[in-house]
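Q: Before I ask anything, let me first share the structure, which is written out below as structure tokens.
In the numbering used here, the protein residues as written are 1 to 340.
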């Protein structure tokens, strides 16, 4: 591994690695632990848990797309009590840092979930999923309105241990994501998770009907990465001091670097784990190499680097270093290639 300081912070939470799992792609981490040591990554972000057991939406509820995946799982899960007794207990025994994702159908449900977690010492942070598109009533997507998003986050913040960061997970399916981000930060969010899936649809050309029983679903994977990077860039420009956990189609270290340069302090890796379960650890290593190759001594130096002022015009037209100045040590061959 290159000599790059990869530590980062999401509010009060310090992490030795900026790469986490993404909620919904690996339950509570047990599946991925067969392929790599989950204590080596920043943290495990659990599948969103609700107050009561939930069967989710009817099948079929997954469909492949040209550059990603469409799902309409519908927040299936065992409910908070079974989660605490089984999944969280396993994560504690395993020694993994755990970000618990919570979802609800009302402000009261979020409040009760936060209260259940308030005195659980194994919780490193809470991700408040207010943006899942895979519910029968689209009106439940609190993140589509600044007021309802703020109401949920405020309730969770009031009922959460003050030392545990609260991250609000936002939807890209809004007119102005900065407005929603500002509202949840004002309501007490310590950081933001950007982005959740985009609402999409696939029609089966053999049956001539929607491919998903729930008709619509959440699109994830490489197709949404440019949208996610744009959201991170816009929100970091407006709220530069607010930590961002970036996600959306990250497959490689260079993909993760895009999010960091846009303003993310950490990233979550999700859909790619379906065909490469070791991806979170691989991406972390590739990101460290990518940072070193570009002259960064730490992850922190690179966060939001794409927002810097225009670079000075290199006298020779050659490459520019990570510090924005002409790279005096640039290889002549590389410079000549750039001119060609």
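Idealized CB from N, CA, C, for every residue including glycine.
#1: When you compare only the Cα positions, how much space is there between residue 341 and residue 82?
#2: Whole angstroms is fine: what's the gap from residue 206's alpha carbon to residue 271's?
#3: Among the residues of its own chain, which have a CB less than 7 Å from the CB of residue 122, if the five just before and after it don't count?
#4: Compute the Euclidean distance between the alpha carbons of residue 290 and residue 106, then round it to the nearest angstrom.
#5: Taking the alpha helix (DSSP H) that residue 258 belongs to, which residues open and close that run?
#6: Please report the Cβ distance between residue 237 and residue 184, rounded to the nearest whole angstrom; I am assuming they are in contact, meaning their Cβ atoms lie under 8 Å.
#7: Please tell me whether residue 130 and residue 181 are closer than 8 Å, where the distance is taken between their beta carbons.
#8: Residue 144 and residue 108 look like a contact to me (Cβ under 8 Å); what is the Cβ gap, rounded to whole Å?
#9: Could you tell me which of 277, 267, 260 sits nearest to residue 301, measuring between CA atoms?
#10: Exposed or buried, which one is residue 254 when buried takes at least 16 other CB atoms within 10 Å?
#11: Check whether the Cβ atoms of residue 218 and residue 197 lie closer than 8 Å to each other.
#12: Please look up how many angstroms separate the CB atoms of residue 157 and residue 166, rounded, as I've assumed it's under 8 Å.
#13: Excluding the 5 residues preceding and the 5 following residue 79 in the sequence, name in chain order all residues of the same chain whose CB lies nearer than 8 Å to its CB.
#14: Once you ignore the five residues that flank residue 279 on each side, which residues in its own chain have a CB closer than 6 Å to its CB?
#15: Helix, strand or coil, according to DSSP, for residue 301 in the structure here?
#16: I need the DSSP call for residue 41, collapsed to helix, strand or coil.
#17: Assuming residue 123 is part of the beta strand (DSSP E), what are its boundary residues?
#18: Taking the alpha-carbon positions, what's the residue 209 to residue 65 distance?
A: If we stick to the structure as given:
#1: The requested residue 341 is not part of the displayed model; the chain covers only 1 to 340.
#2: 26 Å
#3: 88, 91, 92, 98
#4: 43 Å
#5: 253-262
#6: Contact flag wrong, Cβ pair sits at about 17 Å.
#7: no
#8: Contact doesn't hold; Cβ gap of about 19 Å is too wide.
#9: 260
#10: Counting the other Cβ atoms within 10 Å of the Cβ of residue 254 gives fewer than 16, which makes it exposed.
#11: Yes, the pair counts as a contact, with Cβ atoms nearer than the cut-off.
#12: 5 Å
#13: 49, 50, 51, 52, 53, 54
#14: 269, 272, 273
#15: helix
#16: coil
#17: 123-129
#18: 16 Å
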